[in-house]
């Protein structure tokens, strides 16, 4: 299977497992040894500045909330758009960092889009591929703009978008009118 790095995994409506119910996961790494991703649509009630103070004992002027990145404990990670402060490229224009010095610089910049995560989703060798083959995930392209989009229900939006793509491919239509009577 080709790498899924930089792709969204969308939990299908039938997936009721509580850790991934109606989630969107951005795949950060995917290779022969397994995969690692972040759940994009699980914000917490914790403000980043509060978490920072707990972690470091120092204050930090920042905005935004902490997201639950998945059920596996791990370092605080931040998705952002600054290559010079990254430890890994997810896709062109989207980077991930977990070093404390990079986190501090990134969350201090008010104009910069970023999302901060605690935890991650992980798959062992072949596990994600098997789950996809069994219908456990829908796969679609992602972009930095998609990652930082603020929608009321991003899961529903991506499912609708994916459904439209399937319909367009099946019918050969480049645009499908919202009213089927206009077909």
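Numbering (my numbering), first residue to last: 3 to 185. Don't be surprised by glycine CBs; every beta carbon is placed ideally from N, CA and C. In this text the structure is predicted, and so the values were computed from the model without any measurement.
Burial state of residue i (16 or more Cβ within 10 Å)
{"i": "residue 185", "result": "Interpretation of residue 185 is limited by its pLDDT of 48, a score under 50 that renders its predicted location unreliable; the figure taken from the coordinates is listed afterwards. So residue 185 counts as exposed."}
{"i": "residue 56", "result": "exposed"}
{"i": "residue 251", "result": "Coverage of the chain is limited to positions 3 through 185, which leaves residue 251 absent and any answer about it impossible."}
{"i": "residue 30", "result": "buried"}
{"i": "residue 72", "result": "buried"}
Same chain, Cβ closer than 6 Å to residue i, five either side skipped, listed in chain order
{"i": "residue 12", "result": "26, 140 and 160"}
{"i": "residue 2", "result": "Absent from the structure is residue 2, since the part of the chain shown begins at 3 and ends at 185."}
{"i": "residue 127", "result": "35 and 36"}
{"i": "residue 153", "result": "159"}
{"i": "residue 125", "result": "36 and 37"}
{"i": "residue 150", "result": "115"}
Residues of its chain near residue i, where Cβ-Cβ distance is below 8 Å and the 5 sequence neighbours each way are ignored
{"i": "residue 48", "result": "67 and 68"}
{"i": "residue 80", "result": "98, 99, 100, 104, 105, 108, 109, 116, 117, 118 and 119"}
{"i": "residue 61", "result": "51, 54 and 55"}
{"i": "residue 18", "result": "none"}
{"i": "residue 10", "result": "26, 27, 28, 29, 42, 141, 142, 143, 144, 148 and 160"}
Own chain partners of residue i with C-beta closer than 7 Å, once the 5 adjacent residues on each side are dropped
{"i": "residue 76", "result": "121 and 122"}
{"i": "residue 24", "result": "13 and 157"}
{"i": "residue 155", "result": "none"}
{"i": "residue 164", "result": "12, 140 and 142"}
{"i": "residue 44", "result": "25, 69 and 70"}
{"i": "residue 172", "result": "At residue 172, the pLDDT of 48 sits below 50, so the modelled position is not reliable; the number obtained from the coordinates is stated separately. Cβ within range, chain order: n/a, list empty."}
{"i": "residue 16", "result": "none"}
Proximity winner among the options, relative to residue i (alpha-carbon distances)
{"i": "residue 186", "options": "135, 5 and 127", "result": "Any answer about residue 186 is impossible in this case: the structure gives the chain only from 3 up to 185."}
{"i": "residue 108", "options": "86, 125 and 154", "result": "86"}
{"i": "residue 162", "options": "142, 33 and 62", "result": "142"}
{"i": "residue 33", "options": "7, 137 and 58", "result": "7"}
{"i": "residue 41", "options": "102, 20 and 88", "result": "20"}
{"i": "residue 74", "options": "16, 82 and 38", "result": "38"}
Check whether the segment 85-98 touches the segment 133-147, taking contact to mean three or more Cβ pairs, one atom from each stretch, closer than 8 Å. yes
Please list the segments of the beta strand (DSSP E) lying wholly inside the segment 127-155, counting only runs of 3 or more residues, in order along the chain. 140-143
Could I get the ranges of all uninterrupted beta strand (DSSP E) runs contained in the segment 53-107, with 3 residues as the minimum, in chain order? 67-70, 79-82, 90-93 and 96-99
How do the segment 130-139 and the segment 108-118 stand: do at least 3 beta-carbon pairs fall below 8 Å, yes or no? no
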